[in-house]
Amino acid sequence: MSSDDRKTDRLDRQEIEKSRKAQGRKSAVEEEEERLIKAARAHKAQESTAKLNQKNDLLIAQGLAFGRKIGGATQYIRLPARLAGRELPDNVPVWRIELHELKPVTEPLGLEIVGDVVIGRRTGGTEFPPDLDLSPYDAARHGVSRRHALLRPTRNNLYLIDLDSTNGTARNAITLGPGVAQALKHNDTIALGSLTFTVKIIEKPSASHRQTRLTPQQRIRPEERTASGDGRAASASSNSKEKPLSGRE
Numbered sequence: 005m006s007s008d009d010r011k012t013d014r015l016d017r018q019e020i021e022k023s024r025k026a027q028g029r030k031s032a033v034e035e036e037e038e039r040l041i042k043a044a045r046a047h048k049a050q051e052s053t054a055k056l057n058q059k060n061d062l063l064i065a066q067g068l069a070f071g072r073k074i075g076g077a078t079q080y081i082r083l084p085a086r087l088a089g090r091e092l093p094d095n096v097p098v099w100r101i102e103l104h105e106l107k108p109v110t111e112p113l114g115l116e117i118v119g120d121v122v123i124g125r126r127t128g129g130t131e132f133p134p135d136l137d138l139s140p141y142d143a144a145r146h147g148v149s150r151r152h153a154l155l156r157p158t159r160n161n162l163y164l165i166d167l168d169s170t171n172g173t174a175r176n177a178i179t180l181g182p183g184v185a186q187a188l189k190h191n192d193t194i195a196l197g198s199l200t201f202t203v204k205i206i207e208k209p210s211a212s213h214r215q216t217r218l219t220p221q222q223r224i225r226p227e228e229r230t231a232s233g234d235g236r237a238a239s240a241s242s243n244s245k246e247k248p249l250s251g252r253e
């Protein structure tokens, strides 16, 4: 090999070595950048989780059932109406629920269930009107019977019972047999005939039955809501008579 060839070979090796070193430095920089990016992402994820936990803690601290967001209803109608003006013993199970998506109304209907509540639609000749009248929600057009279904509160469950209605009752698209009790859950979808709505359980009885009492401003009588001309809420009957829970309308 000539001296020129040796010189060229030496220069080539030097260039290769420089290139390797340069590549090594670039790789280290890239690794450091990747590490910093990962660290930044992890920090951001921790911040998001902390904010979510703080939000959940706040909802739980506000104290409505199961830490859920406060419902949209500002007032609750106590049903059955015959118990609207009475002081209830501590051992009476009280369920506060809201009915959402009752069209054409957009605001939820707040109810305080303290006894058996018949759901249906009022007609002029009805001897035993329902406790919860769904007439303001086009109940007749949707095939709701005059005495369609029953809400029955207990300490552990709020039951929905079909009263042998003409067009049937369904919970989450599953038809209830006449007289069969189904326990309602939060966000259940209920269909009375073709009238559908969502049930949101705002507060259920505690183990001791002791619950916070609503203020007079939060609780109104059904007849007061009706007299005020507010067609957004269902009316209820103050008639204390009960019809047997059987037979078609």
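When we follow our numbering, the leftmost residue of the sequence shown carries the number 5, and every step to the right adds one. A virtual CB, placed ideally from N, CA and C, is assigned to each residue, including glycine.
Please classify residue i as buried or exposed, where buried requires at least 16 other C-beta atoms within 10 Å of its C-beta.
| i | result |
| --- | --- |
| Arg100 | buried |
| Ile81 | buried |
| Gly181 | exposed |
| Leu40 | exposed |
| Ala231 | Residue confidence is low: Ala231 scores 41 on pLDDT, short of 50, so the model does not pin down where it sits. Its coordinate-derived value is still stated next. The residue in question, Ala231, is exposed, as its Cβ has fewer than 16 Cβ neighbours within 10 Å. |
| Glu35 | exposed |
| Thr258 | Because the chain in this structure spans residues 5 to 253, residue 258 falls outside the shown range and cannot be described. |
| Glu207 | buried |
| Ile64 | With a pLDDT of 32 at Ile64, under the threshold of 50, the predicted position of this residue should be treated as unreliable, though the coordinate-derived value follows. It is exposed - the Cβ of Ile64 has fewer than 16 other Cβ atoms within 10 Å. |
| Glu91 | exposed |
Suppose the cutoff is 7 Å on Cβ atoms and the five residues either side in sequence are ignored; what does the same chain contact list for residue i look like?
| i | result |
| --- | --- |
| Arg175 | Leu164, Gln186, Asp192 and Ile194 |
| Pro97 | Pro157, Thr158, Arg159, Pro209 and His213 |
With a Cβ-Cβ cutoff of 8 Å, do residue i and residue j count as a contact?
| i | j | result |
| --- | --- | --- |
| Arg151 | Leu167 | yes |
| Gly147 | Thr179 | no |
| Gly119 | Ser149 | no |
| Leu199 | Leu162 | no |
| Thr173 | Ala143 | no |
| Ile117 | Leu87 | no |
Spell out the partners DSSP gives residue i in its beta bridges.
| i | result |
| --- | --- |
| Gln79 | For Gln79, which the question treats as bridged, DSSP gives no partner whatsoever. |
| Ile206 | Ile206 pairs with nothing; no bridge assigned. |
Cutting at 6 Å between CB atoms, please list the residues of its own chain near residue i, excluding the five before and the five after it.
| i | result |
| --- | --- |
| Glu38 | none |
| Ala77 | Glu102, Pro112 and Gly114 |
| Glu105 | Phe201 and Thr202 |
| Gly197 | His146, Gly147, Val148 and Asn171 |
| Leu188 | Leu162, Leu164 and Val203 |
| Lys265 | Limits of the chain in this structure are 5 at one end and 253 at the other, which puts residue 265 out of reach. |
When you compare the CB of residue i with every CB in chain D, is at least one pair closer than 8 Å?
| i | result |
| --- | --- |
| Leu154 | The chain labelled as chain D is not found in the depicted structure, where only one protein chain is given. |
Item to check | Uninterrupted beta strand (DSSP E) stretches inside the stretch 97-127 (no shorter than 3 residues) | outcome: With a minimum length of 3 residues, the continuous beta strand (DSSP E) runs that stay inside the stretch 97-127 are 99-104, 113-117 and 121-124.
* To do: Jot down the residue ranges of each uninterrupted beta strand (DSSP E) in the stretch 123-163, minimum 3 residues, whole runs only, in chain order.
  => 153-157
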